[in-house]
Structure formats: C-alpha cells, structure tokens
Amino acid sequence: MLLLSALTSPSALIWKEYLAEKEEKDLEAMAQHSGELEDFPIQSLDGVLEQTYAEHNNNPPIKYTLTDTAREAFFKFAKPQDHLANSQGAAIDVEANVNNSKRNKLVLRLALRMHVLYDRLIKALELQTGPASHSIGLNTLNMAIVMIQSLEIYKGMSRM
Numbered sequence: 063m064l065l066l067s068a069l070t071s072p073s074a075l076i077w078k079e080y081l082a083e084k085e086e087k088d089l090e091a092m093a094q095h096s097g098e099l100e101d102f103p104i105q106s107l108d109g110v111l112e113q114t115y116a117e118h119n120n121n122p123p124i125k126y127t128l129t130d131t132a133r134e135a136f137f138k139f140a141k142p143q144d145h146l147a148n149s150q151g152a153a154i155d156v157e158a159n160v161n162n163s164k165r166n167k168l169v170l171r172l173a174l175r176m177h178v179l180y181d182r183l184i185k186a187l188e189l190q191t192g193p194a195s196h197s198i199g200l201n202t203l204n205m206a207i208v209m210i211q212s213l214e215i216y217k218g219m220s221r222m
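The sequence shown begins at 63 in this note's numbering and counts up by one.
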C-alpha cells in the first residue's frame with residue numbers, strides 16, 4: 063500500500079515526466095550527432111589505416127627518432143639490471159641480455175606504432191591531414207614502456 067502511494071505521489075509523477083523529457087532530448091541529440099557523423103570526412107578506420115600504410119611504404123624509407131628526453135628515458139629503461147643477484151653464472155646473463163634486447167626492440171616498435179596511430183587519430187579528429195612528425199616524444203615512449211612492463215607482469219603471473 064505504501065509503495066503504491068509512493069509511485070502515484072505528485073513528486074513521483076513529476077520525476078517520471080522529467081525522465082521522459084530527458085530521454086526525448088537525448089534521442090534528439092543522438093539523431094543530430096548521427097547526422098553530423100554522416101558528414102564527417104572519415105567514414106571508417108580502414109581509410110585511415112590505408113592512408114598510413116601508403117604513406118609509410120615508399121622509397122626512401124621514413125626514419126623516426128626519439129626526442130632527447132625520450133632517448134634519455136629509453137637508455138635508462140634499457141640499461142641492464144645489475145642489481146639482480148645472479149646465482150647461476152653466465153648462462154642466465156646471456157638469456158637476460160637476449161630478453162632485454164627483445165624487450166627493448168618491442169618498446170621501440172610499440173612506441174613507433176603508438177606515435178603514428180595517435181598522430182593520425184588526432185589529425186582525423188581535427189580534420190587535418192599531413193605526415194606524422196618524425197620524432198617520438200617522451201609521453202609516447204613512456205606509454206609504450208608501461209604497456210610492455212604490464213604485459214611482462216601478466217606473462218609472469220600466467221607462469222605461476
């Protein structure tokens with residue numbers, strides 16, 4: 063009985079009307095945004111990826127470099143882990159160096175891909191065109207390092 067009176071009270075009816083109006087306005091906004099998307103010059107991510115592929119597969123190859131701060135951060139990251147105790151001798155050192163080398167290459171590859179993708183997406187949102195800058199910044203490198211480290215942690219957890 064109390065629940066029925068609460069649902070039919072004036073405040074509950076006002077709340078229901080408010081929600082209905084809000085839903086109608088949301089639907090109108092969605093329709094407007096849908097119309098704007100149809101006029102947007104990029105209709106799919108495939109077009110962006112095809113343009114990126116065409117731009118980066120030409121002669122001479124495009125060379126990317128790290129900015130000075132990014133280079134310094136990469137060298138700090140890539141420095142061998144001297145503080146780890148080694149009880150099994152040189153065999154582990156060789157394996158660790160191979161793993162560090164693979165990890166470092168992965169970081170650089172991921173940083174490059176992130177740099178080009180972010181640049182392409184930012185330009186698409188701002189309705190601009192043109193090639194990506196040829197220097198990879200510190201923020202992009204740090205994101206790549208964090209992602210590789212996270213994947214290494216997940217890999218270690220899966221071995222447990």
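Quick reminder that beta carbons are idealized off the backbone N, C-alpha and C, glycines included.
Problem - Rounded distance between the beta-carbons of ARG175 and ALA194, thought under 8 angstroms - result: The count along the sequence shown starts at 1 and reaches residue 194 at position 132. The count along the sequence shown starts at 1 and reaches residue 175 at position 113. Rounded, the Cβ-Cβ distance is 11 angstroms, inconsistent with contact.
Exercise for the section: Provide the residue(s) that pair with THR127 in DSSP beta bridges, ordered along the chain. Expected result: Looking up residue 127 in the sequence shown gives position 65. BP columns for THR127 point to SER197.
Handout entry: Burial state of THR131, where buried means 16 or more other Cβ atoms lie within 10 Å
Key = Here residue 131 corresponds to residue number 69 of the sequence shown, with the count starting at 1. When all chains shown are included, THR131 counts as exposed.
Problem - Contact test: GLN113 Cβ vs the ligand FMN heavy atom, cutoff 6 angstroms - result: The ligand FMN is absent from the structure shown, which contains no ligands of any kind.
Problem - 7 angstroms Cβ cutoff met for ALA206 and ASN166 - result: What you label residue 206 is simply residue 144 of the sequence shown in a count that begins at 1. What you label residue 166 is simply residue 104 of the sequence shown in a count that begins at 1. Taking the C-beta atoms as reference points, ASN166 is found no nearer than 7 angstroms to ALA206.
Practice task
Could you check what DSSP says for GLU188 in three-state terms: helix, strand or coil?
Solution key: As a first step, residue 188 is located in the sequence shown; it is residue number 126 there, counting from the start. Coil, per DSSP.
Exercise for the section: Report the rounded CA-to-CA distance for ASN119 versus VAL178, giving the unit in angstroms. Expected result: The count along the sequence shown starts at 1 and reaches residue 119 at position 57. The count along the sequence shown starts at 1 and reaches residue 178 at position 116. Taking the straight line joining both Cα atoms gives about 13 angstroms.
Problem - Pair within 7 angstroms by beta-carbon distance, ILE210 and LEU168 - result: Counting from one through the sequence shown, the residue named residue 210 turns up at place 148. Counting from one through the sequence shown, the residue named residue 168 turns up at place 106. In contact: ILE210 and LEU168 (Cβ atoms closer than 7 angstroms).
Exercise for the section: Measure the beta-carbon distance from LYS129 to SER197 and round it to whole angstroms, keeping in mind my assumption that it falls under 8 angstroms. Expected result: Within the sequence shown, residue 129 is the residue found at index 67, counting from 1. Within the sequence shown, residue 197 is the residue found at index 135, counting from 1. Checking the displayed sequence, the identity of residue 129 turns out to be Thr instead of Lys. Separation of the CB atoms of THR129 and SER197 is rounded to 5 angstroms, and the pair is thereby assigned contact status at 8 angstroms.
Problem - Which listed residue (TYR180, LYS185, LYS138) has its alpha carbon closest to that of ASN162 - result: For the purposes of this step, residue 162 is taken as residue 100 along the sequence shown, with counting starting at 1. Among TYR180, LYS185, LYS138, the Cα nearest to that of ASN162 belongs to LYS138.
Exercise for the section: Return the residue from the list GLU90, ALA186, PHE136, LEU187 that minimises the CA-CA distance to ASN201. Expected result: Residue mapping note: residue 201 aligns to position 139 of the sequence shown, counting from 1. The shortest C-alpha separation from ASN201 is found at PHE136.
Practice task
Report the three-state DSSP secondary structure of MET205 (helix, strand or coil).
Solution key: Walking along the sequence shown from the start, residue 205 turns up at place 143. MET205 falls in the helix class under three-state DSSP.
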